[in-house]
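Trainee: Just passing along the structure, written as structure tokens.
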Amino acid sequence: MQSRDLAARFEAYSDWRRRLSSGISALHQWLAEQDLADAQIDLKVQRLLERLHQDKLVVAFVAEFSRGKSELINAIFFADFGQRLLPSSAGRTTMCPTELLYDASRAPSIRLLPIETRLKDATVSDFKNYADEWVTIPLELSSAEKMSEALGRVSQVKRVPIALARKYGLYDDEDIFATIESEDEGAIDIPCWRHAVINFPHPLLQQGLVILDTPGLNAIGTEPELTLNLLPNAHAVLFILAADAGVTKTDLDVWNQHLAGEDPAQKSGRIAILNKIDGLWDELKPEREVVAEIDRQVKSSALLLGLPPTQVYAVSAQKGLLAKVNGDDALLAKSRLPVLEEALSRKLIPAKRDIVGAATRSEVRALASGVRLILDARAAGIAEQLAELRALRGKNQDVVEHMMARVREEKDLFEKGLQRFTALRTVFSDQTNKLLDNIGLDALRANAGRTRRNIESSPFTKGVRGAMNDFFASIRGDFEQAARQSAEIHEMMLAMYARVGKEHGLERFAPPPYSMLKYQKEIDRLERAYNQHFNTLWNMVSKAKFALMKRFFETIASRVKHVYDIANRDVESWLKSVMAPLETQVKEHHLQLRRRLESIKRIHRASGELEERVAELEQSEEALAAQIEALERKIAAIDFIIEQPDALPRAANA
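Offset between the sequence shown (1-based) and this note's numbering: plus 143.
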């Protein structure tokens, strides 16, 4: 048995993305056929389709060891496999962060990043760009035994001297349990691998599901990639607790520091799971007492975590998996696993679809508004030509000559105005360069290098705190200056649009402003994570803690670079969207003036051509109206897919 509702909803979501992509592709093809597409539109559509195709739903599982986390993943997602996909046994089985996904461009395999890479100043995200840094183990899908053997590699450990474990940032002298474990031999067991990526062709993974299996709670602190990247960017985080113990102090500390989240939207994706309720089953107690005890634990846990009880579920993953494999419906219901699965399918997928739909609608509308601006400009030009030519009916040559002179004068004035437009382009280019310099990678690299040297030269509280404060202050300054620069560009373009519209009767267009707020909020989040994570580590006498501090900084620097990369790409796209409509209007108006002048010249040379030209323009007017109507139908078809995701596709005749 498989969680059919979850699989069905995920399949429906994938189908919805495919239909949305088809609608956008149909719009793009139509624009190309109508000679309305350009290089910028082609690029926008390509990026939009790539995002829809590569869209992922990331579900992270977090727990202390021995909470049944891997068993829960097996029970929810891989019961149809007939056995455990992930290793699950007493004690700790997940030794490093593990991503389960499917990439069709790679063969089924396990990629393992050696623990030795912790000695290098690079993040897991950085290493993903270098295949030679990973150990790759092929997955033989036809052999369950070999599959199990290969997957067991993820849990490998090795014994190393304490001095080396310190260098890796995996040994803390103040950790009494680590000290007890190692005091006999002066060595300690550590994971063989820093990170694992399992590429497995499971139907849910093929449709875009990504499962993140994390090691014990202490590893959240030792691998900054989890704290700063993987967990914050997960669409849902399932926090697994012990049903008998509820929320322990360790659980609560990790929840408050790393998982609770301040954003209400993010908090709605946090779900607590009380696992192993079978430990509370008691045949000597009435069923209602057992149920009441479980419900009390749910309410108590919800209160401690600050979650509504509707986001806390009690299950038995082991019994649920067993029930699915054996086809035992009664045991499956008793495990309460179907209730959790139904909640996941009902909450996660629609919320993700809403986010994707809103972003897609915004981009399609922006693209369509640019095309509509062109069509409206052409329609206005044709209407003006028709009005002029119809006014010439029954008029003598003097009137025709007068009108020709007026249009020629209008054209000459407009062409002189183009000199001002050229000057504006120069100013716009200068302002653009200043804006991009503010968020340029050269300045960021210099800032990161300076911070790195300051941390190395002063590995104690005051020096590290000062270096990090300066690092974030410099970044905030970059984005504040960029925000001022983008506001200046926006004001300049508003004035230019107004001037061109007033002087030449063009349609007034208000270019959208640009906000740096989302980048600033992400930088603020990273700074909060830095403060939370190291408030307890300021006595930098421990080499392990200092190594962890350096690794944490490298992860922060990598995430900040990612923010800068996105900001640069988005700003460049905005700058094009600000200038492109004005360029289009100027180009179209210039073209219409030339056409008006040419029409009147033809009529001046041969008066019999007047009616012929009027008929041509009337046909063009009808064709243009049909284009506008077809564009609106294409956009309406895309809107329908977004607004009615469960509806059957409807034809959009063009």
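Each residue gets a CB set at the ideal place from its N, CA and C atoms; glycine is no exception.
Return the chain-ordered list of same chain residues with a C-beta closer than 8 angstroms to the C-beta of R161, the five sequence neighbours on each side being excluded.
Mentor: Residues of the same chain with a CB within less than 8 angstroms of the CB of R161, apart from the 5 flanking positions on each side, do not exist.
Trainee: In this structure, does DSSP put S252 in helix, strand or coil?
Mentor: strand
Trainee: Work out the CA separation of Y673 and E426 for me, nearest whole Å.
Mentor: 49 angstroms
Trainee: I need the boundaries of the alpha helix (DSSP H) containing P346, first residue and last residue.
Mentor: 346 to 349
Trainee: Measure the Cβ-Cβ separation of Q183 and A723 and say whether it is below 8 angstroms.
Mentor: A contact, by the Cβ cut-off of 8 angstroms.
Trainee: Roughly how many angstroms lie between the CA atoms of G620 and I582, to the nearest whole one?
Mentor: 10 angstroms
Trainee: Since I416 contacts L381 with CB under 8 angstroms, what's their CB separation in whole angstroms?
Mentor: 6 angstroms
Trainee: Quick check: what's the CA-CA separation for E432 versus A466?
Mentor: The straight-line gap from Cα to Cα measures roughly 23 angstroms.
Trainee: Do three or more CB pairs link the segment 689 to 703 to the segment 164 to 173 at distances below 8 angstroms?
Mentor: Contact between the segment 689 to 703 and the segment 164 to 173 is absent, because fewer than three Cβ pairs lie under 8 angstroms.
Trainee: At what residues does the beta strand (DSSP E) containing T241 begin and finish?
Mentor: 241 to 244
Trainee: Determine the extent of the alpha helix (DSSP H) in which F270 is found, giving its start and end residues.
Mentor: Looking at the DSSP string, the run of the alpha helix (DSSP H) that includes F270 is 267 to 270.
Trainee: Note the first and the last residue of the continuous alpha helix (DSSP H) segment covering A206.
Mentor: Careful: A206 lies outside any alpha helix (DSSP H), inside the beta strand (DSSP E) at 200 to 206.
Trainee: For D555, count the other beta carbons within 10 Å of its own beta carbon; 16 or more makes it buried, fewer makes it exposed. Which is it?
Mentor: exposed
Trainee: Quick check: the Cα distance between E615 and A589, rounded to an integer number of angstroms?
Mentor: Residue identity differs from the one stated: residue 615 is Phe in this sequence, not Glu. Looking at the two C-alpha atoms, the distance is approximately 13 angstroms.
Trainee: Would you please state the rounded distance, in angstroms, between the beta carbons of N372 and S268? I believe it to be under 8 angstroms.
Mentor: 7 angstroms
Trainee: Find out if the Cβ-Cβ distance for the pair I746, V543 is shorter than 8 angstroms.
Mentor: yes
Trainee: Less than 8 angstroms between C-beta atoms, sequence neighbours within five positions excluded: which residues of the same chain meet that for F320?
Mentor: Caution is warranted here: a pLDDT of 45 is assigned to F320, below 50, making its placement in the model unreliable, and no coordinate value can be reported.
Trainee: Are the segment 418 to 425 and the segment 237 to 251 touching by the rule of at least three beta carbon pairs closer than 8 angstroms?
Mentor: With a cut-off of 8 angstroms, the segment 237 to 251 and the segment 418 to 425 do not count as touching, because too few Cβ pairs lie within range.
Trainee: Pop quiz: I383 and G211 are said to be a contact at Cβ under 8 angstroms. What is the actual Cβ separation, rounded to whole angstroms?
Mentor: 7 angstroms
Trainee: Using 8 angstroms as the cut-off, can you tell me whether the segment 493 to 507 makes contact with the segment 711 to 718, which would need three or more C-beta pairs spanning the two stretches below that distance?
Mentor: By the criterion of at least three beta-carbon pairs nearer than 8 angstroms, the segment 493 to 507 is not in contact with the segment 711 to 718.
Trainee: Going by beta carbon distance, what residues of the same chain come within less than 7 angstroms of P334, once the five residues before and after it are set aside?
Mentor: M238, C239, I258, V300
Trainee: Please say whether Y657 and H676 have beta carbons closer to each other than 8 angstroms?
Mentor: It is not a contact, given that the beta carbons lie outside the stated cut-off.
Trainee: Mapping the DSSP letters down to three states, classify V507 as helix, strand or coil.
Mentor: V507 falls in the helix class under three-state DSSP.
Trainee: Quick check: does the Cβ of L352 come within less than 7 angstroms of any heavy atom belonging to the ligand FAD?
Mentor: With respect to small molecules bound, the structure shown includes none, and the ligand FAD cannot be examined in it.
Trainee: So Q177 packs on Q735, CB below 8 angstroms; how close in whole Å?
Mentor: Not confirmed; about 18 angstroms, so no contact.
Trainee: Check the DSSP bridge columns for V570 and list the partner residues they point to.
Mentor: DSSP output for V570 lists no bridge partner at all.
Trainee: Quick check on this structure: which residue in A473, N399, G500, V482 has the alpha carbon closest to the alpha carbon of L450?
Mentor: N399
Trainee: At which residues does the beta strand (DSSP E) containing I341 begin and terminate?
Mentor: 336 to 342
Trainee: Can you tell me the Cβ-Cβ gap for V201 and H378, rounded? I've got them flagged as a contact below 8 angstroms.
Mentor: With 8 angstroms as the limit, V201 and H378 qualify as a contact, their Cβ atoms being about 5 angstroms apart.
Trainee: Confirm, please, whether the CB-CB distance from L255 to W159 is below 8 angstroms.
Mentor: no
Trainee: What residue ranges within the segment 437 to 484 form continuous alpha helix (DSSP H) runs of no fewer than 4 residues, ordered along the chain?
Mentor: 460 to 469, 472 to 478
Trainee: Once DSSP output is grouped into helix, strand and coil, what is the label at F695?
Mentor: helix
Trainee: Roughly how many whole angstroms lie between the Cα atoms of G513 and R413?
Mentor: Taking the CA atoms as reference points, G513 sits about 40 angstroms from R413.
Trainee: Sorted by chain position, which residues of the same chain lie with C-beta nearer than 8 angstroms to L740's C-beta, five sequence neighbours on each side aside?
Mentor: M547, V550, R551, K554
Trainee: Helix, strand or coil: which one does DSSP assign to I784?
Mentor: helix
Trainee: How about F224 and L347: are their beta carbons less than 8 angstroms apart?
Mentor: no
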